[in-house]
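Visitor:
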Amino acid sequence: MVDVWNWQLNRKMEYKYDETRPSKQVSAVFDINKCIACQTCTMACKTTWTSGKGEEYMFWNSVETKPWGSYPMGWDVRILDKLGSQPWDTNTDPVTFSGKTIFEKVPEGEEVEGWRPDDMDWAYPNRGEDETNEIIDKSKYHLTLPHAIWNFYLARICMHCTYPACVAACPRKAIYKRKEDGIVLIDQKRCRGYRECVRACPYKRSMYNHVTRISEKCIFCYPAVEEGIWPRCMRNCVGKIRLVGYVNKPEDSDPKNPIDFLVHEKKVALPLYPQLGTEPNIYYIPPIHSDAKFLKQMFGPGVDNAVKIYKNMRNGNEPELRGVLLLCTSTDKILGKFAIRSDEAIGYDTDGNEVARLPLVESQIRRVFHDSEREVYRHNIT
Ligand code: SF4
Ligand code: SF4
Numbered sequence: 001m002v003d004v005w006n007w008q009l010n011r012k013m014e015y016k017y018d019e020t021r022p023s024k025q026v027s028a029v030f031d032i033n034k035c036i037a038c039q040t041c042t043m044a045c046k047t048t049w050t051s052g053k054g055e056e057y058m059f060w061n062s063v064e065t066k067p068w069g070s071y072p073m074g075w076d077v078r079i080l081d082k083l084g085s086q087p088w089d090t091n092t093d094p095v096t097f098s099g100k101t102i103f104e105k106v107p108e109g110e111e112v113e114g115w116r117p118d119d120m121d122w123a124y125p126n127r128g129e130d131e132t133n134e135i136i137d138k139s140k141y142h143l144t145l146p147h148a149i150w151n152f153y154l155a156r157i158c159m160h161c162t163y164p165a166c167v168a169a170c171p172r173k174a175i176y177k178r179k180e181d182g183i184v185l186i187d188q189k190r191c192r193g194y195r196e197c198v199r200a201c202p203y204k205r206s207m208y209n210h211v212t213r214i215s216e217k218c219i220f221c222y223p224a225v226e227e228g229i230w231p232r233c234m235r236n237c238v239g240k241i242r243l244v245g246y247v248n249k250p251e252d253s254d255p256k257n258p259i260d261f262l263v264h265e266k267k268v269a270l271p272l273y274p275q276l277g278t279e280p281n282i283y284y285i286p287p288i289h290s291d292a293k294f295l296k297q298m299f300g301p302g303v304d305n306a307v308k309i310y311k312n313m314r315n316g317n318e319p320e321l322r323g324v325l326l327l328c329t330s331t332d333k334i335l336g337k338f339a340i341r342s343d344e345a346i347g348y349d350t351d352g353n354e355v356a357r358l359p360l361v362e363s364q365i366r367r368v369f370h371d372s373e374r375e376v377y378r379h380n381i382t
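The sequence shown stops at residue 382 when you use our numbering, and every number in between is there.
1. Is K256 close to ligand 1? I mean its beta-carbon at under 7 Å from any heavy atom of the ligand.
2. At a threshold of 7 Å, does S62 count as lining ligand 1 (C-beta to nearest heavy atom)?
3. Please report the distance separating the alpha-carbon of V167 from that of G182.
4. Kindly indicate which three-state DSSP category G193 falls into: helix, strand or coil?
5. Report all residues from its chain with a CB closer than 7 Å to the CB of H370; omit the five preceding and five following residues, and keep chain order.
6. Exposed or buried, which one is R116 when buried takes at least 16 other CB atoms within 10 Å?
7. Return the first residue and the last residue of the beta strand (DSSP E) that T65 is part of.
8. According to DSSP, which residues form a beta bridge with S23?
9. I'd like to know whether the C-beta atoms of A345 and V324 end up nearer to each other than 8 Å.
10. Ignoring anything shorter than 3 residues or poking outside the stretch 175 to 234, list the beta strand (DSSP E) runs there in chain order.
11. When the Cα atoms are used, what is the spatial distance from K421 to H210?
12. Is it the case that the stretch 22 to 35 contacts the stretch 154 to 161, given that we only count it when at least three CB pairs across the two stretches are under 8 Å?
13. Report yes if the C-beta distance between H160 and F220 is below 8 Å; otherwise report no.
14. For T162, which residues of its own chain have a beta-carbon under 6 Å away from its beta-carbon, when the five flanking residues on both sides are left out?
15. Is it buried or exposed for D93, if we count other Cβ within 10 angstroms and need 16 for buried?
16. In chain order, what residues of the same chain have a beta carbon less than 6 Å from the beta carbon of S206, not counting five sequence neighbours either side?
17. With A165 as the anchor, note down where its alpha helix (DSSP H) starts and where it stops.
18. In terms of DSSP beta bridges, what is H370 paired with?
19. Please go through the same chain and pick out, in chain order, the residues whose beta-carbon is closer than 6 Å to the beta-carbon of L335, but skip the five residues on each side of it.
20. Just the C-alpha distance for Y71 and I365, rounded to the nearest angstrom, thanks.
21. Taking 7 Å as the cut-off, is the beta-carbon of S206 closer than that to any non-hydrogen atom of ligand 1?
22. Cutting at 8 Å between CB atoms, please list the residues of its own chain near R374, excluding the five before and the five after it.
23. In three-state DSSP terms, what is W88?
24. Using only the heavy atoms of ligand 1, determine whether one of them is closer than 7 Å to the beta carbon of P87.
25. F299 by DSSP, collapsed to three states: which one?
26. Where do the ends of the alpha helix (DSSP H) carrying V324 lie?
27. Under the criterion of a Cβ to heavy atom distance below 7 Å, does A165 qualify as lining ligand 1?
28. Could you check where the alpha helix (DSSP H) with R341 kicks off and where it finishes?
29. Indicate whether Q25 and V247 have their beta-carbon atoms separated by less than 8 Å.
30. Do you know whose CA, among A44, I135 and Q297, lies nearest G84's CA?
31. Exposed or buried, D118, counting other C-beta atoms within 10 Å across all chains shown (16 or more means buried)?
32. Bridge partners of D349, per DSSP?
33. Of the residues K333, K249, Y208 and Y273, which one's Cα is nearest the Cα of E242?
34. Beta-carbon separation of N236 and T50 under 8 Å?
35. Mind the definition here: the stretch 289 to 309 touches the stretch 257 to 271 only if three or more C-beta pairs lie below 8 Å; say whether that holds.
36. Taking Cβ positions, are R172 and C201 nearer each other than 8 Å?
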């Protein structure tokens, strides 16, 4: 084990290999507040990549209802249980993770703390759909935030981690992180199906094909990315919750890069379970209506700040943030930069070409309530 820097933990941590970051790191931000669990992303991925034999159960992109839903069954609860309570030191700025990651709290003879799901754990990709955190008691049902009764939808793909647990665990060195864009891939010729990656990945995004007897995972649609195009799940998002680009380290943050702006400048987009230690590269804007304690366990101590800024935006402030979020699924080109000009949000690809331009406020037409010509009253007037 060697010491590597994990900025999400604000400290060094132990990892199997030296820190070697790619020249660019693909990344995406998912705004959970807008996900409607339509599963269009899931089916876009399924029909593109996993329609073959042995892949019937596989969903490289899945959307689960929190707090109860999970695919495979209990993926997060089981690794959190194994690690036990893990604290953050909030006396430092930024806060520092003072617990142990999956690379540091490891059983004798293992590279990574983990567990291997059995076949039945993969059998219910959408169990618990639309279940709330508790049974609805109408006397508690009111419209103040956060809601007493809540649920939210968590869309997940492979995190293309900076410190992938799957890479650390593979005895064949069959999994690698591409130097040019940070996408994590399994070399299908080298893999012998030992399933160490399936056991190690804390997000359970590596899946075993019982027919070919090798493991498979999300490839971030790298043939599209090589052309500057978004992955299929991102392009097809109905709720327009997703934004694709490249993320820098905090010290190299570019305020005009939309991902850096959301992650490092506004700090409104947070990593999923950063305490696990893999430095995941998909970021989430947490839901503003749910229990803060639950969200902090899931997205780390930055939740209060993220929710405050997002609510502020909804109240008509933060025009820059509003503009960047309008660019979600507004184009299929990977965004390098953005600009906000008077009343428009503009997105540029990585070559600096303009690929999206949207008004910050949609124009509205208001019809008169009483139409004297037809002697009718209209209720839907905007
Ligand atoms: S999410 Fe899992 S499969 Fe994906 S890179 Fe990280 S450890 Fe590997
Ligand atoms: S397509 Fe978008 S809105 Fe629909 S489930 Fe997927 S992430 Fe959510």
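C-beta: ideal position from N, C-alpha, C; glycine also.
Here the structure is a predicted model, which means the values were calculated and not measured.
Guide: If we stick to the structure as given:
1. Distance from the C-beta of K256 to the nearest heavy atom of ligand 1 is not below 7 Å.
2. Result no, Cβ not under 7 Å from ligand 1.
3. If you take the alpha carbons of V167 and G182, they lie about 12 Å apart.
4. In the structure shown, G193 sits in coil (DSSP, three-state: anything other than H, G, I, E or B).
5. Only Y377 meet the Cβ criterion.
6. Burial is judged here by how many other beta carbons sit within 10 angstroms of a residue's own beta carbon; R116 has fewer than 16 and is exposed.
7. T65 -> beta strand (DSSP E) spans S62 to K66.
8. S23 is not bridged to any residue.
9. Contact annotation: A345 and V324 have beta-carbon atoms nearer than 8 Å.
10. As far as the stretch 175 to 234 is concerned, its whole beta strand (DSSP E) runs of at least 3 residues are 175 to 177, 184 to 186, 206 to 209 and 214 to 217.
11. In the structure as shown, the chain begins at 1 and stops at 382. Residue 421 is therefore absent and cannot be evaluated.
12. With the rule of 3 Cβ pairs closer than 8 Å, the stretch 154 to 161 counts as touching the stretch 22 to 35.
13. The criterion of a C-beta distance shorter than 8 Å is satisfied by H160 and F220.
14. Excluding sequence neighbours, T162 sits near E279.
15. Looking at its Cβ environment, which holds fewer than 16 other Cβ atoms inside 10 Å, D93 is exposed.
16. Cβ neighbours of S206 within its own chain (closer than 6 Å, five residues either side excluded): C166, C197, V198, S215 and K217.
17. Judged by DSSP secondary structure, A165 falls within the alpha helix (DSSP H) whose first and last residues are A165 to A169.
18. Beta-bridge pairing links H370 to Y377.
19. Counting only Cβ-Cβ distances below 6 Å, and skipping sequence neighbours, we find G245, P258 and G347.
20. When rounded, the separation of the alpha-carbon atoms in Y71 and I365 is 44 Å.
21. Answer for S206: yes, Cβ within range of ligand 1.
22. The beta carbon of R374 lies closer than 8 Å to none in the same chain, with the five residues before and after it left out.
23. For W88, the three-state secondary structure derived from DSSP is strand.
24. Look at P87: its beta carbon is at least 7 Å from all of the heavy atoms in ligand 1.
25. Look at F299 here: in three-state DSSP terms it is helix.
26. For V324, the uninterrupted alpha helix (DSSP H) run begins and ends at P319 to L326, by DSSP.
27. Correct: A165 has its Cβ closer than 7 Å to ligand 1.
28. Segment L335 to R341 is the beta strand (DSSP E) holding R341; no alpha helix (DSSP H) there.
29. Their beta carbons are under 8 Å apart, which means Q25 touches V247 by this criterion.
30. Comparing Cα-Cα distances from G84 to each of A44, I135 and Q297, the minimum goes to Q297.
31. In the assembly as shown, D118 is an exposed residue. Its beta-carbon has fewer than 16 other beta-carbons within 10 Å.
32. Bridge partners of D349: L335.
33. Going by the sequence as given, residue 242 is Arg instead of Glu. Among K333, K249, Y208 and Y273, the Cα nearest to that of R242 is on K333.
34. No, they are not a contact pair.
35. With the rule of 3 Cβ pairs closer than 8 Å, the stretch 289 to 309 counts as touching the stretch 257 to 271.
36. Contact: no.
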